Structure formats: C-alpha cells, structure tokens
Amino acid sequence: MKKALLAALLLSTSLTQANAAEIQWWHAMGGELGAKLEAIVADYNESQDEHTVVPTYKGTYPETMTAAIAAFRANEQPHIVQVFEVGTGTMMAAEGAVYPVYEVMADAGEEFDPANFLPSVVGYYTDTDGNMLSMPFNSSTPIVYYNKDVFAEAGLDPEQPPRTWEELEQFSQQIIESGAATCGFTSGWISWIHLENLSAWHNQPIGTMENGFGGLGTELTVNGDVQTRHWENLARWQQEGIFQYGGPVGGDDAPPKFYAQECAIYMNSSASRAGVVENATDFEVGYGMLPYYEDVEGAPQNSIIGGATLWVLQGKAEEDYAGVADFFSYLSSQEVQAKWHQETGYLPITQAAYDLGQEQGFYAENPGSDVSIEQITLNEPTENSKGLRFGNYVQIRTVIDEEFQALLAGSKTAEEALDAVVERGNELIREFEEING
Amino acid sequence: MQSKRTVFSNRALPYMLLAPQLAVTAIFFLWPAAQAFRQSFLREDAFGFSTQFVWFDNYMRLFQSASYLNSMAVTAVFATSVAVLSIVIALALAVAANGMIRSQQTYSTLIIWPYAVAPAVAGVMWWFMFNPTIGILSYLMRQAGYNWNHGLDGTDAMILVVIASSWKQISYNFLFFLAGLHAIPRSLTEAAAIDGAGPIKRFFTITLPLLSPTTFFLVVVNVVYAMFDTFAVIHATTEGGPNQATNILVYKVFDDGFIGLNLGSSAAQSVILMAIVTVFTFIQFRYIERRVEY
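Written out as structure tokens, the structure is:
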C-alpha cells in the first residue's frame, strides 16, 4: 500500500514537471502578505501554460536568505529568491551565484527599461555602471502613523502630524500632560528608521564612498552630530516617558502599544499600513512623513527604502530563465504592481503603477496611502540618500540594536554608543572584505 | 554483571545488530563533527566560492573577540545559576515529598509534569508572563515598585532565561533526588533521631552526604543541559539580548553561523563546545558514574 502510494506520488510529480517548466521562488512573506503573493503567482500561472511558478515560504528574511545560500552550496537552489535590502551587499559580492536581472531580461529578449522604475527604489539595487542587479518587488519606507482621537483629546489639531522632532516632543508632552495617552511615541526598526533613514532624511552620510556604493573599503560615519543628537534625544525621551522602546530588529512590542492607544504616535514601515488599518478599529489613524530637525541644512531630503528584491540564482536550465524573465515582466506590469501596492502598503515600484493608482482615485479614497511615495520622491536622491551598501550589514544591524539597548539602559552615552557602532561595524566590513575581496 | 554476558555463535550477527546505531552515529554525529572540524580551519564566503585555509586564525580571533569572551562569561553565570537553582529547589521539593505518606504519588506526578513541556513553549510562557507591556508578573513587580524590563536590562533578561530554563529542569532533578531519598535506609535516620538529632541536623549529616553521588551527577547533567539544551528557551525569549546579555555560547554559534553566515568562526565555536562537552563526559564517567549507587 505504502509503495503504491509512493509510486503514485512520484508519478504525479514527474507528470507536473513534464507539463510545464517549474520555476521555484523562495520568499519570506508570511500571513496576509504571503496569501497576496500566492494570489499573484496563481494569476500568473493561469495566464499562460509554458511555465509554472512555485512559491515556497521559507520563514523570515534571514532564514530565507540562509536557506537559499545553503541550497546553492548543495546545488539545490531555487531560480528566484527574495532577499531583504540589507542582504544586498552579500548578494552583490556573490558574482558567480547571481544572474543579474538586467542580463536575465536581455538574454531572454524581454523588454526591460530601468527608467520605468522609481529612481529611489532602483538606485538601491543598481551597480556602479547603472545596471539593475535584482528585481524590486516589495519596497517600503518608514512613515509616521498617529492617533487622531488622542490628538483631538489633547487639544491638538488631528489633521496635523508633527513635522519636526521639536514638534513631536512638544505634541508628546501635551498628550501626556492632558492624559490622552501615556506615551508620546514608539517605533519599529530602530536601525532602519532612527539611524539609516534619519541620516538620509537629513542628508548626512551613513558611510564613506557614497554609503558604500563606491565599492569595498568603506567606513561607517553614523557617529555624526545629527545622529548623536537624535540618539541623545531618544534616550532622554525614554527617561521622560515620551518614547517607549519597541524592541530590537522590527520592534515587535511597538505595534501593540499603538493599537492599544498607549502611544499616540508610531513610526514604522509603510507596509505596516495593512496591519494598522486592521487593528486600529477604535480610533482614527492619521499618516505623516518622518519628522526632521529644522535647523539641519538640507532636511528633509528623501527617505530610503527597505523591504526586499528578487534575485535570480545561477545554475538552472537555460530555458527556465526565459520563464523567469517572463514572470518578472508580469510582476512589474502596471496592474499587478498597482494591486500589490494598494493592498499591502508597499511602494509602487514603477511610475506607471503610481499613475494608475491616481487614475483609479485610490489615493483620494485612502488618504495617507501616498505619504510613502511623496516622502521617497521628495527630492532627487543624493549620495547620502540613495541607500546604503555594506558587506555583513545583517550583523551590523544587530550591532546597532545592541548599542541602542546599551544607550537606553543607561550604560553608554549616545556618543559612546554610536562610536561603538562605527568601530564594531567597520570591523565587520573589514572581515567581509577579507573574505570576498 | 558477568552472568549477563551473551555469547553469539555467529560472528557477524553482533556487528549487524550494532550497525543501525553505528550508522546513525556516523551520519548524524561523526560526519557533521568532522565537517565542523574541517570548516573551523577555513575562511570562506557565504556561497563557498573562495576558500582559504587559515590554520588557527578563526580560533585566535575568537579569543581576542570581546563578544566571545562576554559570551563565555554569560554562559558561566547562566549555567551555574540554572544548576544551583534547579538542584536546590528540586532537593527541597524531593525532601518535602518524601515526607508525605499517602499523597507522595500525587505530588510527584504534579512536579514531574513541567518536564513534558517543550523548551520553546516554556520559554514563550515565561516570556509572556514577564513581558514588560502585557505580562502579569511585570505588572505585579511594577506595583511593588520595581520596573522590570528584560528588553533593556541585562540582569532582568538573565533572570528570565534562568527561571525559564530551571523550571523544566526541576522536574528532572526531583525524580533523581526522590529515588536517592528512597535508597537511604530508614534505620539510619531513625537511629539519629533516637540519639536526639533534629530534622535539620539529620538532613545535613545523613541525608545530604548520602545524596552526594546523586547531586554530583545532577550538577554535571544540569550544567550540560544549561550549556547545550537551552537554545530553544533563549531563542523564544531574549534571542541573546539585550546587548548580548544572554548570548550563551550555543546561541552565538547559531547567530554567527546562520544569521551572520560566518561559517569558519561558527565552526570553530562548535569545535570548542565539542571539547567542553567531552571534558564533562569524561568527568562524569571517570569520577562520578563510579560512585553513584543505584
């Protein structure tokens, strides 16, 4: 009986393989986002019968990336893998493993123009010659969410999010004093929002050599005046109860504080919008751009993205890559992108998808859904604000979280913590160069 | 022992009977261990394109690295705390249960229960109770005037993982202590009682010395448990944080290897751990196993 079953199973898998070329796609989208991703794939598979894309959920971003790398070493790699933005440095250095997207598209004769994509999105994933190495899929940028009801109760204008950090402090004090909420603000992603984006938003360098875009040999420079001042403030605000820490990495404790109306203001990815809309049922939510320090020249510049892109891995049959190229064209088409963007809160990666949303009246109906786009396209990106590219950045993110914890615990000053980030970060970058140089 | 020896007439049969176990050991232990050993002398990029043989460089870097030395200190504190806490509590419970006459069975069963809980589940449960935002225990502590926050305070985090790891281990230790107590002849304690020794005096002069083989055995087992089996607890609660305050050696192997993709260093750390566990096994067999009376 068991043997018969096994035989049937083998037969059925070999049959499906014979039917259409299977393209394996490993991704890190769980829950709601995963379901939406699978719906896109199902639509694609139905739209043609030459290729079948098989999406597989591999866990968190680091887990997915590690799984793909381990699989590559065992020659079992998928065609497409979704890698988060901080893994970009590692992927770019793996020249023999990666099939750059611009080559995939050119080799398959697929029409492909990088100019159609939003520059602030594509800039992150282009090499120094302007070639796109990976396919943007889910890019987001941090924005401000705030509780309009609490604002009104505290006597603030509910239609006016804080524009500057000074205002944010003042609003928070007013909110706490009035008793409308017990805390001013909380935040997810400390490293991404309060260091990387803070730097870009104030047009301050994160590292030398164009934030690492210029190649190896870079050093971190996040211990500048603006960053030190901001971390000093965060530590003070935490002492005063204005700011509550939401935990390391993505900050899992932050969203409940906002949903429970404990904190009036909340900073997180634009892709958290779906969660906010779903959970903030008892109050009105407002949206705003990240605050800035008014006296810093050049602020606000533009924010940088996070999220993930799709990397194509080498070592598969040549005809499969034609399928990959075809699928990528589908993914970046106006309708698919607009739908994905509108449902999830991720940025539309092409101008066309944004235009379509406007035509459909989506932004008028859903106020706040275009804050992210406005913020990322606020100014032409500079050397300091087009993104960052450092080796071992996954570990550097951990270092940032650790030093931030030391700061909040009171064992280090802002200056000491940021100096330590730079020192430990540079060590990791040197290690990466030794191995990949 | 001699009488239990079986003589096989067929010479191949004993080897065939051993073969499955040997195969499992070779595939799941020897082979990966050899791989780790080899990898610990290499420096390699994540994808495995360039491999350099670097001799003992990975090891030398470890002993110069502040985070590794910190991890060693953290592990020492953690393992000692878990062993002491779980042994002392288990001993107290075992002595108490041993004094019961009719309800001993019921108490024993209840105390053994936590052992059936998966480490990750135990970790999440304690994490939940101590959660600074939503936890009941942190709420009570705040009422009592202590601001508990294991997300930022390293000591709080250490206390959390020690409690979560010890809780389960108490059941295990309890079983051994209860068995050990049963093995102590009643006549000894009775004689002491007749001579006028009180319960506390009897415990320290008779019970504790006679339990010493069990205690030594449990010290080794508990230290090994704390060092190697608590990955799930750490992963589910603090993930080694805050600021590496609970980053024990085993967790660091995972973090550097699987998150950081620094395979050489991660392998070198595994080899060091293998050496440590070898030492413990040796101590246990050489000095303790011989003296434990069953």
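Just so you know, the sequences run in chain order V and L. Under my numbering, the residue at position 167 of the first sequence is numbered 167, and the numbers go up by one with no gaps. Every position in the second sequence, counted from 1, becomes a number in my numbering once 1000 is added. Cβ atoms here follow ideal geometry from the backbone N, Cα and C, with glycine treated the same way. Remember, predicted model here, so these are calculated numbers, not experimental data.
**Request:** Tell me, please, whether the CB atom of residue 1190/L is closer than 8 Å to any CB atom in chain V?
**Result:** No - not a single Cβ of chain V is within 8 Å of the one on residue 1190/L.
**Message:** In the DSSP output, which residue or residues are listed as bridge partners for residue 54/V?
**Reply:** In the DSSP output, where bridge partners are listed per residue, residue 54/V has 24/V.
**Request:** Return helix, strand or coil for residue 1052/L, following the three-state DSSP convention.
**Result:** strand
**Request:** Answer with buried or exposed for residue 149/V, where buried requires no fewer than 16 other C-beta atoms within 10 angstroms of its C-beta.
**Result:** buried
**Prompt:** Roughly how many angstroms lie between the CA atoms of residue 40/V and residue 124/V, to the nearest whole one?
**Reply:** 24 Å
**Prompt:** Is the closest heavy atom of the ligand ADP to the C-beta of residue 1243/L under 7 Å?
**Reply:** As far as ligands go, the structure on display features none, and thus does not contain the ligand ADP.
**Message:** Only counting the same chain, and skipping five residues up and downstream in sequence, which positions put a Cβ closer than 8 Å to that of residue 174/V?
**Reply:** 154, 155, 156
**Message:** Let's see if you can read the secondary structure: which residues bound the beta strand (DSSP E) around residue 267/V?
**Reply:** Segment 263-269, the beta strand (DSSP E) holding residue 267/V.
**Message:** According to DSSP, is residue 117/V part of a helix, a strand, or is it coil?
**Reply:** Shown here, residue 117/V sits in a strand according to DSSP, grouped into three states.
**Message:** Taking the straight line between their C-alpha atoms, what separation do you get for residue 1277/L and residue 1224/L?
**Reply:** 7 Å
**Item:** Cross-chain neighbours of residue 1259/L in chain V, by beta carbon under 8 Å
**Value:** 62, 66, 394, 395, 398
**Message:** If you follow the alpha helix (DSSP H) that residue 1270/L is in, where does it begin and where does it stop?
**Reply:** Its alpha helix (DSSP H) spans residues 1263-1283.
**Item:** Range of the contiguous alpha helix (DSSP H) that encloses residue 192/V
**Value:** Element bounds for residue 192/V: n/a, residue is neither H nor E.
**Prompt:** residue 210/V by DSSP, collapsed to three states: which one?
**Reply:** Residue state, collapsed to three classes: helix.
**Asked** Listing by chain order, which chain L residues have their CB less than 8 Å from the CB of residue 256/V?
**Response** 1133, 1134
**Request:** Please name the residue in 1019/L, 1134/L, 1087/L whose C-alpha comes closest to that of residue 260/V.
**Result:** Measuring from the Cα of residue 260/V, the nearest candidate turns out to be 1134/L.
**Message:** Looking at chain V, is there any beta carbon in it that lies within less than 8 Å of the beta carbon of residue 1242/L?
**Reply:** Yes, because at least one Cβ of chain V sits closer than 8 Å to the Cβ of residue 1242/L.
**Item:** Whole-angstrom distance between residue 21/V and residue 15/V, CA atom to CA atom
**Value:** Per-residue confidence for residue 15/V stands at a pLDDT of 43, beneath the threshold of 50, marking its modelled position as unreliable; no derived number is given.
**Pair within 8 Å by beta-carbon distance, residue 332/V and residue 349/V** = yes
**Prompt:** Where are the alpha helix (DSSP H) runs, 4 residues long or more, that stay fully inside the stretch 328-383 of chain V, in chain order?
**Reply:** 334-344, 351-359, 362-365, 371-376
**Item:** Interface partners of residue 1152/L on chain V, CB under 8 Å
**Value:** 245, 405, 408, 409
**Prompt:** For residue 1065/L, does the count of other Cβ atoms within 10 angstroms reach 16, so buried, or fall short, so exposed?
**Reply:** exposed
**Message:** What residue range does the beta strand (DSSP E) around residue 135/V cover?
**Reply:** 135-140
**Message:** Within 8 Å of any Cβ in chain V, is that where the Cβ of residue 1164/L sits?
**Reply:** no
**Asked** DSSP state of residue 427/V, grouped into three classes?
**Response** Reduced to three states, the DSSP call for residue 427/V is helix.
**Request:** At 7 Å on the CB atoms, spell out the chain V contacts of residue 1048/L, in chain order.
**Result:** 73
**Asked** Along the stretch 416-437 of chain V, what residues have a CB closer than 8 Å to any CB found in chain L?
**Response** 431, 434, 435, 436
**DSSP state of residue 1301/L mapped onto helix, strand, coil** = Missing from the structure shown is residue 1301/L; chain L here goes from 1001 to 1294 and no further.
**Extent of the continuous beta strand (DSSP E) run through residue 44/V** = Premise fails: residue 44/V lies in the alpha helix (DSSP H), 31-47, not in any beta strand (DSSP E).
**Request:** Specify whether the stretch 290-302 of chain V and the stretch 196-210 of chain V touch according to this definition: at least 3 beta carbon pairs, one from each stretch, less than 8 Å apart.
**Result:** yes
**Request:** Please say whether residue 1250/L and residue 1083/L have beta carbons closer to each other than 8 Å?
**Result:** no
**Message:** Going by beta-carbon coordinates alone, are residue 1163/L and residue 1126/L separated by less than 8 Å?
**Reply:** Taking C-beta atoms as the reference points, residue 1163/L and residue 1126/L count as a pair closer than 8 Å.
**Request:** May I have the straight-line CA-CA distance separating residue 278/V from residue 241/V, to the nearest angstrom?
**Result:** Looking at the two C-alpha atoms, the distance is approximately 27 Å.
**Item:** For residue 342/V and residue 1034/L, the rounded distance between their alpha carbons
**Value:** 51 Å
**Prompt:** With DSSP run on the structure shown, which of helix, strand or coil describes residue 311/V?
**Reply:** strand
**Request:** Compute the Euclidean distance between the alpha carbons of residue 6/V and residue 54/V, then round it to the nearest angstrom.
**Result:** With a pLDDT of 49 at residue 6/V, under the threshold of 50, the predicted position of this residue should be treated as unreliable, though the coordinate-derived value follows. For residue 6/V and residue 54/V, the distance between alpha carbons rounds to 22 Å.
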